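Engineer:
Chains as they are written, first to last, in our numbering: chain F, 88 to 427; chain H, 88 to 427; chain G, 88 to 427.
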């Protein structure tokens, strides 16, 4: 179980309650009143624990598990030991995620405004907002209901934040709008000037950055990630985008719905990503490109040209993955031939 | 126009005033009293707007623009529509930058010292300095006239900051000198210990880092960028260097005048960059190297050897770009041959 | 000498005291009472200065040095000028590190608790702890003797910190334990949620992150580095690990004793590093891998498979370094052949 120093468990729940919350099905004959007290991996789960089988690699662990219940795809349910209630789910990992959120809901701090927070008198805060110590909230800022603003967060003049947003400590936000239910992790920097200047040997001349950052609903932005505001157009992050730590998003970039950007990705100015683009860790994307919906950019690749929808690219300069594999195999053969 | 929630426009200006500020020339017969109220892209500009044509790709947009005036190179001025005053400039983007700064000057906050700032009694602040809430300024710190120190900025003992420096919220500075008119964006970390230790299986032994960070005039340092102080020699950033977000600069590194380091660049200890070196995003440079003046390091390359002045390198390990192109073409051919 | 604005020198010391502290040997006939006042490089050292010769490249500088004493391996001691006392050491750089720490001990601030720190009444602080302005310390936090908590540090509920830990300004810590004598540099983010969700076109579903971060003794964690807490298992950093700036460590990662991670390294979830693994700058390691004890990952490489103990890998995808060299040579030859 999770360390009670840090986590507070809810429940217990009956297996029927859990199945309902997770959109899973109880098999015929299962006892709907079976009580579950916690979540655990297949290997360590006991009779009161809920687990899941997502990857067929672990079918044997499933067959040997002492868990009281587990989410599983119908085709593997037959392997369940007699002591385990198989909860049938199309996507057992998603079902587990929903169930784990029932056992470990995010703690809601009391909706208190720290007396040390500096809040401009023209700022408007919704109901049940919490603001941590030493937060600084600028003029004309609007913060929606139930938002949680961490300690030391600095929110610049005019920023608008929708409801149920959580901003962890030490973030800075300026020149931006943030959609509902978005979470921003510690140290993220949002809305500062983009990297724009006219190069000149006599001294580069900075170009005023006159756009904003528009962040959608249900977005996550990782720790110490940086998102610059637009130069004139806006920088845009679509609904449901998941952005990991230490990611750089340049000015005028537009990121579609549900995109996933793993840690240390960098996206240069004015590049557009369609919906559900996946970029692995340390991917770099040059400026002014278009990456099609559903494209996959393998970890560490360097994208120098547009990528069509649905295509997977790899390497530097990034090429479609089959081509990359052929290239790599060709190099290996060549190196071996000469090695002899 | 820029969102008035976040930006305050100055002006209007006559076209003659704008031409004078931007170092551009009014063509014969143009009305010097034409009034301009804002800046805008060629496509969306109206009769009161100022625009620019820098990239010949947009000549058609220029020819069709409804802008009142636009900076343009003399050779394209003939394509101006009759309603548009072409302002002749050698470098239209630089002229635009200067004009945009006239319309959107950086807002100067009132020179107030927040009552919550903790300022050591031995620190000396110049005239018209502003210090934000919760800033912490150490012993013997000196801060020049008109500096703007953001909220939560922490400045360690002895640091000296010249005039007109702007430090955005949440930066930490120690063991450093900062030149005039330099801007440091949120979350930058300057002057902490370099990564220096004597490796030892019984426990690595840290080597005291006894140098400083010397930052020149008119420098920009991006959000969450880290610049370690020297180990004995200093870490140096030359005048006019432009450093983007999430860049790492190791101890004893020296960066010349006007260098441009795009986001997520990493420079290992004791490497020296000449003047006007350009490093693309995610470039890595090994330690103890010399990169000549005007060298260009293509995005994502890994530099393992010295680079001569003026040379462009690419790839890993980085080689001159022509060689990289030949290598890449050779691999592609080889892979295709085998693919058949 | 180090700039007295920023550094306070201790001493002087006799050469015998220094030899004893550094584990070095005085040669027969040397005057043990010779007084040393500072450390300096071989080239600039004077008669009162202590230096060292570690790299044979600098034997000539050693032979010409005016230093009063220098650490040197026995085989080079014969090259010492007559005015220089050669202090015999197996590892002269380590000996220098220890001596430099004698001359420049880390300043110990007075053990004061800033009146502006917000400390939960249930937190327990050891003796001689210092807490900087605007630090925020949560419920049930435990902080060991002689810890130094910088200004604006935020420590979440339940965190336990052992003795003699130094946390620089602006760090955030949650869901973690920190071992004795560990140093955390400014802006590091430790213990926030890992990047875990069930992908779903209808909206990715976040998976609660129920683990912790366990940091060992004598660890260093660089500026703006991010270490996510585990998803269920813990994220672990072994004793004596040295982690540079802007490093990303994903959930469930385990890092062995004495590992060295240079700046901008990224390690994906659930990967395990043995002891004394060295990863160069900008290395990326995929998830769920095992990297053996003593493996070396060359700068900028992308590790996609397990690496056996003691092996050095390079490139993308990373291969053993000899293979990489062969591949690179083969590509160069091929490109040249076609270039003709």
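Glycine is no exception: its CB is placed at the ideal position from the N, C-alpha and C atoms. In this text, all values refer to a predicted model and were calculated from it rather than measured experimentally.
#1: Any idea which residues DSSP pairs residue 263 of chain G with across the strands?
#2: At a cut of 8 Å, does the stretch 139-149 of chain G reach the stretch 396-416 of chain H through at least three beta carbon pairs?
#3: In chain order, which continuous runs of the alpha helix (DSSP H) of length 4 or greater are located wholly inside the stretch 279-357 of chain F?
#4: Select from the stretch 92-109 of chain F all residues with a C-beta closer than 9 Å to any C-beta belonging to chain C, and list them in chain order.
#5: Along the stretch 213-239 of chain F, where does the CB come closer than 7 Å to a CB of chain G? Name the residues.
#6: Does the beta carbon of residue 427 of chain F come closer than 8 Å to any beta carbon on chain G?
#7: Using a cut-off of 9 Å between C-beta atoms, extract the partners of residue 89 of chain F located in chain G.
#8: Within 8 Å of any Cβ in chain G, is that where the Cβ of residue 144 of chain F sits?
#9: Ordered along the chain, which non-local residues of its own chain (more than five positions away) have a Cβ less than 7 Å from that of residue 111 of chain G?
#10: Start and end of the beta strand (DSSP E) containing residue 136 of chain F?
#11: Would you mind listing the alpha helix (DSSP H) stretches within the stretch 166-215 of chain H that are 4+ residues and don't spill past its ends, in chain order?
#12: Does chain F have any CB closer than 8 Å to the CB of residue 259 of chain H?
#13: In angstroms with no decimal places, state the Cα-to-Cα distance between residue 119 of chain G and residue 376 of chain H.
#14: Taking DSSP's pairing of strands, which residues face residue 217 of chain F in a bridge?
#15: Rounded to whole angstroms, what is the Cα-Cα separation between residue 96 of chain H and residue 125 of chain H?
#16: Between the stretch 349-363 of chain F and the stretch 329-338 of chain F, do three or more beta carbon pairs fall short of 8 Å?
#17: What's the gap between the Cα of residue 102 of chain H and the Cα of residue 286 of chain G?
#18: Please classify residue 142 of chain G as buried or exposed, where buried requires at least 16 other C-beta atoms within 10 Å of its C-beta.
#19: Suppose you measure from the CA of residue 100 of chain H to the CA of residue 327 of chain H; what does that come to, to the nearest Å?
#20: Please confirm if residue 419 of chain F has its CB atom under 8 Å from at least one CB of chain H.
#21: How would you list, in chain order, the residues of chain H whose beta-carbon sits under 8 Å from the beta-carbon of residue 187 of chain G?
#22: Scan the stretch 332-346 of chain G for residues whose Cβ lies nearer than 8 Å to a Cβ of chain F and list them as they occur along the chain.
#23: Is the Cβ of residue 397 of chain F closer than 8 Å to any Cβ of chain G?
#24: With DSSP collapsed to three states, give me the class of residue 147 of chain F.
#25: Is residue 387 of chain F buried or exposed, if buried means 16 or more other CB atoms sit within 10 Å of its CB?
#26: At which residues does the beta strand (DSSP E) containing residue 103 of chain G begin and terminate?
#27: Helix, strand or coil, according to DSSP, for residue 73 of chain G in the structure here?
#28: If you count every other CB in all the chains shown that lies within 10 Å of the CB of residue 162 of chain H, and 16 or more means buried, which is it?
#29: So, do the stretch 187-206 of chain F and the stretch 219-230 of chain F have three or more beta carbon pairs nearer to each other than 8 Å?
#30: Near residue 427 of chain H, what residues of its chain come up, given a Cβ to Cβ distance below 7 Å and the 5 sequence neighbours on each side ignored?
#31: What does residue 287 of chain G reach in chain F if we use C-beta pairs closer than 8 Å?
#32: When you compare the CB of residue 199 of chain H with every CB in chain F, is at least one pair closer than 8 Å?
#33: Going straight from the alpha carbon of residue 229 of chain G to that of residue 211 of chain G, what length do you get?
#34: Straight-line CA distance for residue 249 of chain F to residue 214 of chain F?
#35: Once the 5 residues before and after residue 200 of chain H are set aside, which same chain residues still bring their CB inside 6 Å of it?
#36: What are the boundary residues of the beta strand (DSSP E) that residue 401 of chain F is part of?
Structural biologist: So, from the data block:
#1: Residue numbering aside, residue 263 of chain G sits at position 176 when the third chain is read from its first letter. According to DSSP, residue 263 of chain G bridges with G:300.
#2: no
#3: none
#4: Included in the structure are the protein chains F, H and G, with no chain C among them.
#5: 220, 221, 238 and 239
#6: Here residue 427 of chain F is taken as the residue at index 340 of the first chain, counted from 1. Low confidence applies here, because residue 427 of chain F scores a pLDDT of 49, under 50, leaving its location unreliable and the question unanswered by this model.
#7: Stepping through the first chain from its first residue, residue 89 of chain F is reached at position 2. Simply 295, 297, 298, 299 and 319.
#8: Residue numbering aside, residue 144 of chain F sits at position 57 when the first chain is read from its first letter. No - not a single Cβ of chain G is within 8 Å of the one on residue 144 of chain F.
#9: As a first step, residue 111 of chain G must be located in the third chain, where it is residue number 24. Hits under 7 Å: 158, 174, 175, 176 and 182.
#10: Counting from one through the first chain, the residue named residue 136 of chain F turns up at place 49. Looking at the DSSP string, the run of the beta strand (DSSP E) that includes residue 136 of chain F is 136-139.
#11: 179-190
#12: Residue numbering aside, residue 259 of chain H sits at position 172 when the second chain is read from its first letter. Judged by the 8 Å Cβ criterion, residue 259 of chain H is not in contact with chain F.
#13: Translated into positions along the third chain, residue 119 of chain G becomes position 32. Translated into positions along the second chain, residue 376 of chain H becomes position 289. Whole-angstrom Cα-Cα distance: 40 Å.
#14: Within the first chain, the letter at position 130 stands for residue 217 of chain F. Paired residue(s): F:235.
#15: The residue you call residue 96 of chain H lines up with position 9 of the second chain. The residue you call residue 125 of chain H lines up with position 38 of the second chain. In a straight line, the C-alpha of residue 96 of chain H is about 8 Å away from that of residue 125 of chain H.
#16: yes
#17: Numbered from its first residue, the second chain carries residue 102 of chain H at position 15. Numbered from its first residue, the third chain carries residue 286 of chain G at position 199. Their Cα atoms are separated by approximately 54 Å.
#18: Within the third chain, the letter at position 55 stands for residue 142 of chain G. The residue is exposed, with fewer than 16 neighbouring Cβ atoms inside 10 Å.
#19: The residue given as residue 100 of chain H occupies position 13 in the second chain. The residue given as residue 327 of chain H occupies position 240 in the second chain. Going from the Cα of residue 100 of chain H to the Cα of residue 327 of chain H covers about 29 Å.
#20: Taking the first chain and counting its residues from 1, the one referred to as residue 419 of chain F is at position 332. So, not an interface residue.
#21: On the third chain, residue 187 of chain G is found 100 positions in, with the first residue counted as 1. The contacting residues are 294, 295 and 297.
#22: 333, 335 and 337
#23: Position 310 of the first chain, counted from the first residue, corresponds to residue 397 of chain F. No - not a single Cβ of chain G is within 8 Å of the one on residue 397 of chain F.
#24: Position 60 of the first chain, counting from 1, holds the residue named residue 147 of chain F. If DSSP states are grouped into helix, strand and coil, residue 147 of chain F belongs with the helices.
#25: Along the first chain, read from residue 1 onward, the residue named residue 387 of chain F stands at position 300. By the neighbour-count rule (16 or more Cβ atoms within 10 Å), residue 387 of chain F is buried.
#26: The sequence position of residue 103 of chain G within the third chain is 16, counting from 1. Run containing residue 103 of chain G: none in the beta strand (DSSP E); it sits in the alpha helix (DSSP H), 102-109.
#27: There is simply no residue 73 of chain G to check, as chain G begins at 88 and stops at 427 in what is shown.
#28: The residue labelled residue 162 of chain H in the question sits at position 75 within the second chain. Exposed, because fewer than 16 other Cβ atoms sit within 10 Å of the Cβ of residue 162 of chain H.
#29: yes
#30: Within the second chain, residue 427 of chain H is the residue found at index 340, counting from 1. The predicted model places residue 427 of chain H with a pLDDT of 49, which falls under 50 and marks its position as unreliable, so this point remains unresolved.
#31: Residue numbering aside, residue 287 of chain G sits at position 200 when the third chain is read from its first letter. Within chain F, the residues near residue 287 of chain G are 178 and 181.
#32: One-based indexing of the second chain puts residue 199 of chain H at position 112. Not an interface residue.
#33: Position 142 of the third chain, counted from the first residue, corresponds to residue 229 of chain G. Position 124 of the third chain, counted from the first residue, corresponds to residue 211 of chain G. Roughly 5 Å between the two C-alpha positions.
#34: If you number the first chain from 1, residue 249 of chain F lands on position 162. If you number the first chain from 1, residue 214 of chain F lands on position 127. Approximately 12 Å, taken between the alpha carbons.
#35: The sequence position of residue 200 of chain H within the second chain is 113, counting from 1. 218.
#36: Counting from one through the first chain, the residue named residue 401 of chain F turns up at place 314. Element bounds for residue 401 of chain F: 399-401.
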